[in-house]
Amino acid sequence: QARSALGPALDKATGTLLYNTAARLKDPKHLGFLVGYIARREILTDLQLSAALEYVRSHPLEPLDVADFERSCGVGVCVTPEQIEEAVEAVISKHRAELLAERYHFNMGLLMGEARNRLRWADGKTIKNEVDLQVLHLLGPKTEADLEKKPKAAKARLAPAEKQKVAVVENGDMGTETQSLLEQLRGEALKFHKPGENYKTEGYVVTPNTMALLKQHLAITGGQVRTRFPPEPNGILHIGHAKAINFNFGYAKANGGVCFLRYDDTNPEKEEEKYFTAIREMVEWLGYQPYAVTHASDYFDQLYSWALELIRRGQAYVCHQKVEEIKGHNPPPSPWRDRPVEESLLLFEDMRKGKFGEGEATLRMKLVMEDGKMDPVAYRVKFTPHHRTGDKWCIYPTYDYTHCLCDSIEHITHSLCTKEFQARRSSYFWLCNALDVYCPVQWEYGRLNLLYTVVSKRKIIRLVETGAVRDWDDPRLFTLTALRRRGFPPEAINNFCARVGVTVAQATMEPHLLEACAREVLNEQAPRAMAVLEPLKVTITNFPAPKALEVLVPNFPADESRGFHKVPFHQTIYIEETDFREEADKGYKRLAPGQPVGLRHAGYVITVQNVIKDVSGRVIELEVTCTKSDVAEKPKAFIHWVSVPLACEVRLYERLFLHKNPEDPSEVPGGFLSDLNPDSLRVVHNALVDSSVHSARPFDKYQFERLGYFSVDPDSEEGKMVFNRTVTLKEDPGKA
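Each step along the sequence shown adds one to the number in the working numbering, with nothing skipped, and position 65 is 81.
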């Protein structure tokens, strides 16, 4: 096309413009239009071309307003050398004092930028040359001082408290003081369209009604970002859902928008009230409040009306193929695809009245999806009462039909979903446009998976049924209820999601990365206490008082301003069995005959005087003497202890599965149930904990000194507390 106007030999500048046009133009229908301007030498610079591409992207409807286009792209605008000289003079005059003070260390890019702002269509090289010339005239040639590098300004170092602000996203709060999920996005989310500019998204289908519908949409939303989190209420949320929650709620919050919690309750056979409750509870536990809680069933009447309209428009039909016949990607075409509209309307009414049995009739949409699947089902017959609508309906809409229309009803701006739904994007756009309703934009991102676990509902149910785990909230699972029960703080889960980021590629992470996030948060949040898992009785024979003393223990030893708690210190104390040896090996620093040890926080050093054993030769008690720390020789180590303690049960967890990918047949040929770790749970029935935790409630968290982080389990009863170990104090090198 260009050669027909310019001849066979094109100059390099024109060739570059043509190449950039072909490479950057998403919709080829405007290619000839733009090439014409380049061939006629009316678009001469890359700056003009960028403006032209943006204009056609922002004006998807034909015909384009040529006069407005030319005005927006600088067509016919001639910038003279005199105009450039005057503009640069004005800018240099404005910054004359700073230029004279800083000379060639002044940021010359600032002068260039301001001159470009005054003369939008001026050639950049010409402006630069004029700036260089006038600066040289003002300052003269560069001196040796000008050639020296400008010293870099020292960066202010963050105080520890400020560092923590950056690392921790508290309660899902995406404020300016915390490093939010959105500040850590990888690539794709930065390309998101602005509300009302859906048509700028690649692949978005524009119809003659699109612009009018977007105008109505903006009038309703006021230009607000709207997202939604749409779980099916037939299972418990897991760690992958935490990423979806953070992304949907976080993206809306970061952009001053709102997020709906919408239950996709279109399958009444599998839905239970406990799932509805647990889902909302977990969303709020992560720190998010839905703008509104809605259900797909809220819109059943509207969805049914639209199904009738789809049939009337010749875009849907009633089909009698069996489910088995239409499964897969290459099913036989439906012999009922071209049945008359009136016939489908009557049959669809019969479906609604219950005149067809389950599987005898479906309503199908006339389209081919990206993956080749043809005519997806919109409605099917199910004689199951619905938990909200009762027996009103015996036909229920499918995900493919419901999802995009519910998004449209709620005026969602960004329909964020995982990558497996990419094959449904064409049906999403097709259905909204077939009904002439507002069409949101579907954006896909990669799922978040963890190694050494399973998260599918079917497999978790199998684990529960076989007794491998107790329930959906067993602390060895990675459901959100299980993570909460184990003691993971919501901030740690949000931080983990932020660090993983949002990418198009699927992310498969090691559990120890989540555990590291938990340690960071718990180190700041969990007050210290002392507990002994395998108690060894120690009697202090020269105890310095007739009754128990009180010892002040800091809640957070690194910051004593956060308070203290009292623990009793009595003649009888208990230490860990592993903190005593009858013979001290080389490198062993704890208690042994002839090797004293300090008691943490007590201010005393103890020395073994007598070792008492049972008939089998097992050590059951030590008799020791104590010396005040300030007069005793400094011991090699200090150990934790308890006195007048509370009895408790402690549950120690390890990975549930032995292999990284328990669902992979090549790694685990016998199936995931054959890969269970026999040591995934160890229960310590007779542990002891200091009395400072006596008023703890379920889910309260502590650091048991030298042992790890622990959380109070809901199984706790009066007189017998139960603690779950959340994570150890340090990462096990063998797990990394």
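Cβ atoms here follow ideal geometry from the backbone N, Cα and C, with glycine treated the same way. Treat the numbers as computed from the prediction; the structure is a model and nothing was measured.
Item                                                                                                                : Value
Length of the line joining the Cα atoms of residue 243 and residue 280                                              : 15 Å
Burial state of residue 68, where buried means 16 or more other Cβ atoms lie within 10 Å                            : buried
Selected residue, minimal CA-CA separation from residue 138, among 503, 63, 256 and 211                             : 63
Straight-line gap, residue 390 to residue 382 (C-alpha atoms, nearest Å)                                            : 8 Å
Residue 120: first and last residue of the uninterrupted beta strand (DSSP E) it sits in                            : Looking at the DSSP string, residue 120 is not in any beta strand (DSSP E), and its letter there is neither H nor E.
Backbone CA spacing between residue 447 and residue 325 [nearest angstrom]                                          : 11 Å
N- and C-terminal bounds of the alpha helix (DSSP H) containing residue 237                                         : 226-237
When 653, 231 and 297 are compared against residue 619, the one with the closest alpha-carbon                       : 653
Cβ neighbours of residue 648 in the same chain (closer than 6 Å, five flanking residues each side left out)         : 621
Distance between residue 740 and residue 694 (C-alpha atoms, nearest Å)                                             : 18 Å
Coarse secondary structure for residue 758, derived from DSSP in three states                                       : With the chain running from 17 to 752 in the structure shown, residue 758 is simply not present.
For residue 261, the first and last residue of its enclosing alpha helix (DSSP H)                                   : 255-270
Pair within 7 Å by beta-carbon distance, residue 503 and residue 742                                                : yes
Coarse secondary structure for residue 192, derived from DSSP in three states                                       : Confidence at residue 192 is low in this model, with a pLDDT of 34, below 50, so its placement is unreliable and the value that follows should be read with caution. Residue state, collapsed to three classes: coil.
For residue 252 and residue 334, the rounded distance between their alpha carbons                                   : 35 Å
Any non-hydrogen atom of the ligand SAM closer than 6 Å to residue 55 Cβ                                            : Ligands displayed in this structure: none; no statement on the ligand SAM is therefore possible.
Cβ pair residue 489, residue 482 closer than 7 Å                                                                    : no
Boundaries of the alpha helix (DSSP H) in which residue 527 is found, first to last residue                         : 527-541
DSSP three-state assignment for residue 298, whether helix, strand or coil                                          : helix
Within 7 Å, strictly: CB atoms of residue 641 and residue 623                                                       : yes
Residue 275 - containing beta strand (DSSP E), residue span                                                         : 274-279
Exposure of residue 339, with buried meaning 16 or more beta-carbon neighbours within 10 Å                          : exposed
Among 41, 54, 94 and 485, the one whose alpha carbon lies nearest that of residue 72                                : 41
Residues sharing a beta bridge with residue 348, DSSP                                                               : Answer is none; residue 348 lacks a bridge partner.
Euclidean distance between Cα positions of residue 575 and residue 569                                              : 12 Å
Three-pair Cβ contact test at 8 Å for the stretch 465-472 versus the stretch 522-533                                : yes
Residue from 614, 662, 637 and 399 with nearest C-alpha to residue 643                                              : 614
Residues that residue 430 bridges to, as DSSP identifies them                                                       : 457
Under 7 Å between C-beta atoms of residue 428 and residue 456                                                       : yes
Sequence-distant residues of the same chain with beta carbon closer than 6 Å to residue 639, five excluded per side : 555, 557, 625 and 626
Residue 668 beta carbon less than 7 Å from that of residue 698                                                      : yes
Proximal residues to residue 187 (C-beta, below 6 Å), its chain only, five neighbours per side dropped              : Reliability of the predicted coordinates at residue 187 is poor, the pLDDT of 34 falling under 50, and the value obtained from them is presented with this limitation in mind. Answer for residue 187: 303, listed in chain order.
Start and end residues, beta strand (DSSP E) containing residue 511                                                 : Not the beta strand (DSSP E): residue 511 falls in the alpha helix (DSSP H), residues 506-516.
Contact check, residue 148 vs residue 119, beta carbons under 7 Å                                                   : no
As assigned by DSSP and simplified to three states, the class of residue 577                                        : helix
Within 7 Å, strictly: CB atoms of residue 494 and residue 469                                                       : yes
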